[in-house]
Structures are given as C-alpha cells and as structure tokens.
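Student: The sequence shown begins at 536 in my numbering and counts up one residue at a time.
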Amino acid sequence: MTTTCSAPGKIYLFGEHAVVYGEPAIACAVELRTSVSAKSADAITISSDIGTTGLDFEVHPYVSFAIKKMDSPNVSIEINSDIPVGSGLGSSAAVTVATLAAINIECRLGYEKEDIARMGHEIEKEVQGAASPTDTFVSTFGGVVEIPSRKRLNLLDCGIVIGNTNKGASPKKTAKLVKQVAQLKEEYPETINPIIKTIGSFARQGEVLVSEKDYNSLGKLMNVNHGLLDALGVCTMELSVLVYAARNAGAYGAKLTGAGGDGCMVALTDSPRDVAAAIEKSGGQAIITRFTSEGVKQV
Ligand code: PMV
Numbered sequence: 536m537t538t539t540c541s542a543p544g545k546i547y548l549f550g551e552h553a554v555v556y557g558e559p560a561i562a563c564a565v566e567l568r569t570s571v572s573a574k575s576a577d578a579i580t581i582s583s584d585i586g587t588t589g590l591d592f593e594v595h596p597y598v599s600f601a602i603k604k605m606d607s608p609n610v611s612i613e614i615n616s617d618i619p620v621g622s623g624l625g626s627s628a629a630v631t632v633a634t635l636a637a638i639n640i641e642c643r644l645g646y647e648k649e650d651i652a653r654m655g656h657e658i659e660k661e662v663q664g665a666a667s668p669t670d671t672f673v674s675t676f677g678g679v680v681e682i683p684s685r686k687r688l689n690l691l692d693c694g695i696v697i698g699n700t701n702k703g704a705s706p707k708k709t710a711k712l713v714k715q716v717a718q719l720k721e722e723y724p725e726t727i728n729p730i731i732k733t734i735g736s737f738a739r740q741g742e743v744l745v746s747e748k749d750y751n752s753l754g755k756l757m758n759v760n761h762g763l764l765d766a767l768g769v770c771t772m773e774l775s776v777l778v779y780a781a782r783n784a785g786a787y788g789a790k791l792t793g794a795g796g797d798g799c800m801v802a803l804t805d806s807p808r809d810v811a812a813a814i815e816k817s818g819g820q821a822i823i824t825r826f827t828s829e830g831v832k833q834v
C-alpha cells in the first residue's frame, strides 16, 4: 500500500511580526499544497526535487525528524510540492505535516490531527531552533484562523495572487528579521510600540470584515498593514514594487506576507489574471491561488 497526504501552505492577511509581541494575527491556508507519499519499504528513503537520501538531517531535515518522531518502521517517502521553499508560505510546515499524516495512516499509528499539529510544531522547533505554532496549525486544520486564539473565521472566496521576488529564500531569515524588529523596538519604543499595537488592531477589525466578506475594507487595511511593516524595516524595494503593481492592476489590497526581507507578497483580488500579469511584468513570479478550508488530507 502507498498512502499520500497533502497539506497546504499559508499567508498572513494581517499581523506578522506584531504577533511576536502578543498581538492578534490572521493566517489563512491557501490551495498551494505539498504532497507526501509514504510506503512501507526495506529501508528508509526520502525523495524530493533535491534528490534521494536516507534519513538525512542536513538534506531532508523536516522529513527525517518526522520519521524519527513517529518511530515508524522503514518507509520510503516521496515529496512533491507547489509551495516555494523558504519564502514565508509555510513550505516546511506543509512538508512536515503531510509526512506525519502519511506515515500515521500508512503505519496505522492512530494519531489524531491535534497530535499531528503538535508534533509538527515540535519538529519545526527542533530544526529551526524557534518556530511559532501558526504554520503547522494552519497547515493541519486549514481555513482562516485568528492567532493566538485559533478561532476559525469565515472562509473568503475572492482570488489571491502571491508574488514571489524569488530572492532571500532562507529558513534563517525569519529569526534574523524578528531580531531586527526587536532591536528597533528597544531603540525607539515610543515609536515602535504604537506601530505594533496598530498592526494588532487590523486583525481585530479584520475578524469582523472577514465575516462580512468586505473585501474593499480588508484590502485597505492590508495596504496600511504593508506600510507599517515597511516602517518596521522588514520590507524591500522588490517587494514594494510587486505590491504597487498588484494595487495598480486593481487588487483590493496588497501587502508583504510572512517575515519579509524579500520573499513573498499577497494580493486580494477578483481579477487574479490581471494582477498576476502585472506582478510578472514587474519581475516577480505570480501564483494564482485561493483560500482553502482543507488542512492536511489523504489524497
Ligand atoms: O515568514 P514566516 O512565514 O516564517 O512568518 C514569520 C512571522 C513572524 O511573525 C515574523 C514570526 C513569527 O514567528 O510569528
């Protein structure tokens, strides 16, 4: 038997960085998925775009830790992913969660989804040193989720376009940028603390706007959120070029998503093709996707 499970990536509608200081954020699963097939085998093998290895904590750290964590019999694992790696879209959480779920079913281990989310977070911490539970939670359960309450909000049905600068992809980037914001906050508390509080207010207002599917207002607040992330020093020129291209092409709103420092931006729009074309014309890689309520699932 072979078991295949897929798990989604995520974007932040509001609140990255401020969430580190206890403010609320809204994270959303998107229909970009990583598929992992697990099959009982004579020896452990892990195959991905990078190549085929055995248990290898350098080349395939997330999958290797997942195999170790589940204490499973030998399995061969095959990974296929739509999610750009190390760009703030939760690629590492998706591969971890999909691997745990596939092994769980293939080896009949009987874990629940809550266990998968918890183990996924533990693995991200082991590999990265620190990690918020957001990515693994959203990848496991899907949907539009308020952090840290984990309250599930309405699913949005407008289009999403992600613009990737294809620069600065690195799993270490988040830690560096979080530290950079912490330093700025320490140096200029009177200036930075209110910015962080204001970013938190977007998620609070966003909760109501999401339930009303008020895309115009969500877009406006995304634009303001982007401006304040820029003020925190985590934006780059390349990201802003893509953000402005998306807005000029008619998006409701656009902002960087995740830690920043290159990586990806996200736009809400009802004309995803126009927005994607504008992003490509400005030198970015555009990915048209949508919100999804489906977290990890067997396929
Ligand atoms: O770039 P990502 O997807 O790792 O998002 C980072 C989000 C931060 O708020 C900057 C950090 C965090 O752990 O919440």
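We treat Cβ as the ideally placed atom computed from N, Cα and C, and that holds for glycine. This structure is a prediction, so every number in the text was calculated from the model and none was measured.
#1: Taking all protein chains shown into account, decide if residue 644 is buried (16 or more other Cβ within 10 angstroms of its Cβ) or exposed.
#2: Cβ of residue 797 versus every heavy atom of the ligand PMV: is any distance shorter than 7 Å?
#3: Cβ of residue 552 versus every heavy atom of the ligand PMV: is any distance shorter than 7 Å?
#4: Return the bridge partner residues of residue 547 from the DSSP annotation.
#5: Are there any heavy atoms of the ligand PMV lying less than 7 Å away from the beta-carbon of residue 713, as far as the coordinates show?
#6: Measuring alpha carbon to alpha carbon, tell me which of 737, 627, 603 ends up nearest residue 554.
#7: If we call anything under 8 Å between Cβ atoms a contact, is residue 562 one with residue 545?
#8: Would you check if there are 3 or more beta carbon pairs closer than 8 Å linking the region 666-679 to the region 563-582?
#9: Where do the N-terminal and C-terminal ends of the alpha helix (DSSP H) with residue 752 fall, by residue?
#10: CB residue 704 to CB residue 632, shorter than 8 Å?
#11: Would you kindly check if the distance between the Cβ of residue 789 and the Cβ of residue 778 is under 8 Å?
#12: Spatial neighbours of residue 813 within its chain, please: CB distance less than 7 Å, with the 5 preceding and 5 following residues excluded, ordered by chain position.
#13: So is residue 670 buried or exposed if we call it buried at 16+ other beta carbons inside 10 Å?
#14: Can you tell which of 570, 710, 550, 558 has the C-alpha that lies nearest to the C-alpha of residue 538?
#15: Let's test the definition: count the other Cβ atoms within 10 Å of the Cβ of residue 681 and tell me whether it reaches 16, buried, or not, exposed.
#16: Please state whether the Cβ-Cβ distance between residue 654 and residue 635 is less than 8 Å.
#17: Using 8 Å as the threshold, is the C-beta distance between residue 741 and residue 769 below it?
#18: Could you tell me how far apart the beta carbons of residue 691 and residue 592 are, in whole angstroms, since I believe they sit closer than 8 Å?
#19: Going straight from the alpha carbon of residue 849 to that of residue 597, what length do you get?
#20: Since residue 640 contacts residue 601 with CB under 8 Å, what's their CB separation in whole angstroms?
#21: For residue 708, count neighbouring Cβ atoms within 10 angstroms of its own Cβ and tell me buried if that reaches 16, exposed if not.
#22: If you draw a straight line from the alpha carbon of residue 724 to that of residue 549, how long is it in whole angstroms?
#23: Whole angstroms are fine: how far does the CA of residue 582 sit from the CA of residue 610?
#24: In this structure, how does DSSP classify residue 567 when only helix, strand and coil are distinguished?
#25: Roughly how far, in whole angstroms, is the beta-carbon of residue 672 from the beta-carbon of residue 685, given that I think they are within contact range, below 8 Å?
#26: If you follow the alpha helix (DSSP H) that residue 620 is part of, which residue opens it and which one closes it?
#27: Does the beta-carbon distance from residue 753 to residue 774 come in below 8 Å?
#28: Which whole-angstrom value describes the C-beta separation of residue 616 and residue 626, a residue pair presumed to lie in contact below a C-beta threshold of 8 Å?
#29: What are the partner residues of residue 572, as DSSP defines its beta bridges?
#30: What are the start and end residues of the beta strand (DSSP E) that includes residue 582?
#31: When you compare only the Cα positions, how much space is there between residue 589 and residue 811?
Tutor: This is what the structure holds:
#1: exposed
#2: Because no heavy atom of the ligand PMV lies under 7 Å away, the Cβ of residue 797 does not count as near it: no.
#3: With a threshold of 7 Å, the Cβ atom of residue 552 counts as near the ligand PMV, since some heavy atom of the ligand is closer than that.
#4: 562
#5: yes
#6: 737
#7: yes
#8: yes
#9: 750-766
#10: Not a contact, by the Cβ cut-off of 8 Å.
#11: yes
#12: Contacts found: 780, 781, 783, 784.
#13: buried
#14: 570
#15: Buried: at least 16 other Cβ atoms inside 10 Å.
#16: Contact: yes.
#17: no
#18: Wrong, their Cβ atoms sit about 38 Å apart, outside the cutoff.
#19: Examination of residue 849 is not possible in this model, given that the chain is present from 536 through 834 alone.
#20: Not really, about 13 Å apart at Cβ, beyond 8 Å.
#21: buried
#22: Straight through space, the alpha carbons of residue 549 and residue 724 are spaced by roughly 21 Å.
#23: 11 Å
#24: Shown here, residue 567 sits in a strand according to DSSP, grouped into three states.
#25: At roughly 7 Å, the Cβ-Cβ gap stays under 8 Å, so residue 672 and residue 685 are in contact.
#26: It is not in any alpha helix (DSSP H) - residue 620 carries neither H nor E in the DSSP assignment.
#27: no
#28: Yes, they are in contact, since the Cβ atoms of residue 616 and residue 626 sit about 6 Å apart, within 8 Å.
#29: 539, 613
#30: 580-583
#31: 39 Å
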